[in-house]
Each structure stands twice: as C-alpha cells, then as structure tokens.
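Numbering follows my numbering, with no gaps: position 91 of the sequence shown is 166. Data block below; observations after.
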Amino acid sequence: QPDQLTVATPIGRLVLDRKFVVKIDENEPLAAHLELAGEPVRTEYPDHELIRGTVINNGERPAHFVRVIANYWTATTNLLVRDSSFVQGKETTFDNGVISDTSIDPGEQAAFIIEVAIPDPDQISYRTYDIHWEP
C-alpha cells in the first residue's frame with residue numbers, strides 16, 4: 076500500500092499521509108426517502124373507498140412523479156384489488172419541457188386521494204400501501 080492517500084475534493088486534490096488516516100467511511104449518495112405521514116384516512120361507501128393521506132420526503136433529494144398505491148388483500152394473502160393516485164405536490168418543469176405537479180422536495184409533504192372500487196368488501200382482510208417515485 077502506498078504511504079499517501081489522495082482524495083479528490085470540490086476544490087482540488089488533498090494528499091494525506093496514510094498513518095494519520097484513522098477511518099474511511101463511504102458516503103451514501105443523496106436520495107429521496109418517502110413515507111406515509113401517519114395512517115391514511117378511509118371513507119367507506121357501498122362500492123368503493125376514498126383513501127386520503129399525506130406523504131413526506133425525509134430524504135435529501137426531491138422525489139418526482141410520486142404515486143401512492145393501495146393494495147387490498149384477502150385473509151389468504153391474495154391481492155383482491157389495487158389502485159393508485161399521484162400526490163398533489165409541487166409543480167416542476169423538467170429540462171425536456173415536461174411539467175408535473177407530483178414532486179416533493181426534501182422536508183416537504185404532499186396530499187393524495189385514492190378512489191378504490193371494491194368488488195366484494197367482505198373479502199378485505201387488510202390493506203398495504205406502496206410509494207413509488209423517480210429520483
């Protein structure tokens with residue numbers, strides 16, 4: 076092993092004597108980290124449910140095209156029905172000219188509403204939620 080360690084920094088290269096280096100940690104790349112802000116509120120109707128909730132970005136990068144997916148499962152873990160909706164987020168204009176209002180900046184929140192048609196409410200045993208997004 077060489078006696079010196081060269082580190083590239085934004086302002087140039089830094090050369091260190093290896094005997095003074097105690098520990099080297101790899102940095103995780105900055106990323107969005109999305110999660111539900113509490114349990115979504117469900118309003119039940121005879122043939123459908125409305126699910127209202129909020130998604131928060133606890134990460135360090137914006138999340139774009141954020142979509143919440145509601146999964147309805149039977150007691151035997153079979154998927155009964157699935158539906159989704161994009162969040163009502165921040166408007167973003169991308170380099171290619173696409174405009175979207177489904178972005179969430181770091182530390183920010185966005186609401187969502189999903190209307191799910193329920194074929195047989197008696198078969199629903201539990202619900203799960205997934206959040207999908209683009210970096």
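Ideal Cβ positions, reconstructed from N, Cα and C, are used throughout, including at glycine. Values in this document were obtained by computation on a predicted structure and should not be read as measured data.
{"Asked": "For S200 versus V141, is the C-beta spacing smaller than 8 Å?", "Found": "no"}
{"Asked": "Using beta-carbon positions only, say whether N146 and R88 come within less than 8 Å of one another.", "Found": "no"}
{"Asked": "With burial defined as no fewer than 16 other Cβ atoms inside 10 Å of the residue's Cβ, what is the status of F187: buried or exposed?", "Found": "buried"}
{"Asked": "Grab me the residues of E135's own chain with a C-beta within less than 6 Å of its C-beta, minus the 5 sequence neighbours each way, in chain order.", "Found": "L105 and P181"}
{"Asked": "Rounded to whole angstroms, how far is the Cβ of V143 from the Cβ of S159, which I believe are closer than 8 Å?", "Found": "6 Å"}
{"Asked": "If you compare alpha carbons, which of D197, Q163, P210 and V162 is closest to A150?", "Found": "D197"}
{"Asked": "Could you check what DSSP says for D197 in three-state terms: helix, strand or coil?", "Found": "helix"}
{"Asked": "Could you tell me which residues DSSP puts in a beta bridge with Y204?", "Found": "A145"}
{"Asked": "Per DSSP, what kind of secondary structure is R93 in: helix, strand or coil?", "Found": "helix"}
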